[in-house]
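Trainee: The structure under discussion is supplied below as structure tokens; questions concerning it will follow.
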Amino acid sequence: MATCSHERRARADTRNDRWFRGLLQACALLVLAVLLGAALSTAWGGREVLLGQGWRFLGSAQWDPVTNNYGALAPVFGTLVTSLIALLLAVPLAFGIALFLTRTAPPWLRGPLGTAVELLASIPSIIYGMWGLFAFVPFMARVEPWLSASLGRLPLIGCWFQGPPLGLGLLTAGIVLAVMILPFISAVMREVFQAVPAQLIEAAHALGATTWEVAWQIVLPYTRAAVIGGIFLGLGRALGETMAVTFVLGNSYAISGSLLMPGTSIASSIANEFNEAVGTHRSALLALAFLLFVVTFAVLLAARLLLRRMTRREGLR
């Protein structure tokens, strides 16, 4: 009897494991199906422009709904430039915040400050956009004359800071995006910094290492892969951001070498024009959506490949 009971239990466990494995596989396949469906639906909706204009759609900066002549160069340029500005500003700040919270902040301050960072991550993007439009844009309009008078005279980079003090523009949008992605990156860095074994840090301090040396030579190398993953997670958020960028970017399809001039992005173009778009215009916007999907996928794939290469290299060591 005991043997029969044991066999029945084993068969039931095997059946339950098979069902559980199938359920997990179905969940994974559902995610892939949704992802593939989103890509195919945008590609199918933009087929008129993608097939009709081909590579000219990617290389043209003209966007004229009257003549049905569309180019994705200006939205792609604005998306990449604002996201790059956001990363350049947010990553050092996020590293400093995470390092302060995990290594140097007093215990009574770590909890409230960490909670404040997490609350920033939960604020809706439209709130950031309204703050940017009504508070930050007037501030930038007062700062931009100083930028033009000082940085605008420098060689090589001077052309980046020349233009009228509108307040709206690529630089303003990049700063607002940096504020948005800062909580995400700093939260990831904080969690992975806390995972560093205390024995490594104590040993480094015992050998006479300073706090900066411990952070740069112990903490960061130990968590490099996770930190890069968090950075690319923030980049993915910046690439697809819509409302905050729409409020402060200026929504101009002209490509300028100055960061102070208005521009546009893929997401803001879709948000501004999709409701009134019909025919070829609607197809062009859906083609932009498919292009945004491709750009985001390429960035995240590059991050994945980079992390895999770093993992293999560390494994060889």
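Counting from 1, position 88 in the sequence shown corresponds to residue 80 in our numbering; the numbering is continuous, with no gaps.
For every residue, glycine included, the Cβ atom is placed at its ideal position computed from N, Cα and C.
Considering Trp181, what are the terminal residues of the alpha helix (DSSP H) in which it resides?
Mentor: According to the sequence provided, residue 181 is Met. The question's Trp does not apply to it. That run of the alpha helix (DSSP H) goes 162 to 186.
Trainee: Is it buried or exposed for Ile149, if we count other Cβ within 10 angstroms and need 16 for buried?
Mentor: Per the 10 Å Cβ criterion, exposed.
Trainee: So, Leu252 versus Leu139, is the Cβ gap smaller than 9 Å?
Mentor: Closer than 9 Å, so yes.
Trainee: Determine, using beta-carbon pairs with one atom in the segment 124 to 143 and one in the segment 153 to 163, whether at least three such pairs fall under 8 Å.
Mentor: With the cut-off at 8 Å, the segment 124 to 143 and the segment 153 to 163 touch.
Trainee: Tell me which residue opens and which closes the alpha helix (DSSP H) that Met132 is part of.
Mentor: Segment 129 to 142, the alpha helix (DSSP H) holding Met132.
Trainee: Within 10 angstroms of its Cβ, does Glu194 collect 16 or more other Cβ (buried), or is it exposed?
Mentor: Classification of Glu194: exposed, given that the 10 Å Cβ count is below 16.
Trainee: Between the segment 73 to 91 and the segment 262 to 272, do at least 3 Cβ pairs fall closer than 8 Å?
Mentor: Taking 8 Å as the limit for Cβ pairs, the verdict is that the segment 262 to 272 does not touch the segment 73 to 91.
Trainee: Roughly how many angstroms lie between the CA atoms of Ala64 and Ser260, to the nearest whole one?
Mentor: Between Ala64 and Ser260, the C-alpha separation is close to 13 Å.
Trainee: Rounded to the nearest angstrom, what separates Arg296 and Gly221 at their Cα positions?
Mentor: Going by the C-alpha atoms only, they are around 8 Å apart.
Trainee: So, Gly70 versus Ile210, is the Cβ gap smaller than 9 Å?
Mentor: Cβ atoms of Gly70 and Ile210: not closer than 9 Å.
Trainee: Under three-state DSSP, which class holds Gly255?
Mentor: Note: Gly255 maps to strand in three-state DSSP.
Trainee: Please list, in chain order, all residues of the same chain as Thr34 whose beta carbon is under 8 Å from its beta carbon, the five residues on each side excluded.
Mentor: Hits under 8 Å: Leu278, Ala279, Ala281, Phe282, Phe285.
Trainee: Buried or exposed: where does Gly124 fall if 16 or more other Cβ atoms within 10 Å of its Cβ makes it buried?
Mentor: Buried, since its Cβ has 16 or more Cβ neighbours within 10 Å.
Trainee: For Trp55, count neighbouring Cβ atoms within 10 angstroms of its own Cβ and tell me buried if that reaches 16, exposed if not.
Mentor: Buried, because 16 or more other Cβ atoms sit within 10 Å of the Cβ of Trp55.
Trainee: Between the alpha carbons of Leu241 and Ile119, how many angstroms are there, rounded?
Mentor: If you take the alpha carbons of Leu241 and Ile119, they lie about 15 Å apart.
Trainee: The alpha helix (DSSP H) with Thr74 in it runs from where to where?
Mentor: 65 to 91 is the span of the alpha helix (DSSP H), which, as asked, contains Thr74.
Trainee: What are the residues that DSSP puts in a beta bridge with Asn333?
Mentor: No information on residue 333 is available, as it lies outside the stretch -7 to 309 that the chain covers here.
Trainee: By how many angstroms is the C-alpha of Leu111 removed from the C-alpha of Val129?
Mentor: C-alpha separation (whole angstroms): 23 Å.
Trainee: Check the C-beta distance from Leu91 over to Phe176 and give it rounded, since I have them as a contact under 8 Å.
Mentor: Wrong, their Cβ atoms sit about 17 Å apart, outside the cutoff.
Trainee: What beta strand (DSSP E) runs, 3 residues minimum, are completely inside the segment 204 to 286?
Mentor: Qualifying beta strand (DSSP E) stretches: none in this window.
Trainee: Report yes if the C-beta distance between Val219 and Met172 is below 9 Å; otherwise report no.
Mentor: No.
Trainee: Could you tell me the alpha carbon to alpha carbon distance between Pro254 and His273, rounded to whole angstroms?
Mentor: Going by the C-alpha atoms only, they are around 22 Å apart.
Trainee: My guess is that Leu288 and Leu225 are in contact by the Cβ rule of under 8 Å, so how many angstroms apart are they, rounded?
Mentor: A quick correction: the sequence has Thr, not Leu, at residue 288. Rounded, the Cβ-Cβ distance is 11 Å, inconsistent with contact.
Trainee: What do you reckon, are the CB atoms on Thr238 and Ala66 nearer than 9 Å?
Mentor: No. Outside cutoff.
Trainee: Measure the alpha-carbon distance for Pro104 versus Leu292 and round it to whole angstroms.
Mentor: Using only the alpha carbons, I get a separation of about 32 Å.
Trainee: State yes or no: is the C-beta of Gly166 within less than 9 Å of the C-beta of Val73?
Mentor: Their beta carbons are under 9 Å apart, which means Gly166 touches Val73 by this criterion.
Trainee: Looking at Val206 and His197, is the spacing between their C-beta atoms short of 9 Å?
Mentor: It is a contact, given that the beta carbons lie within the stated cut-off.
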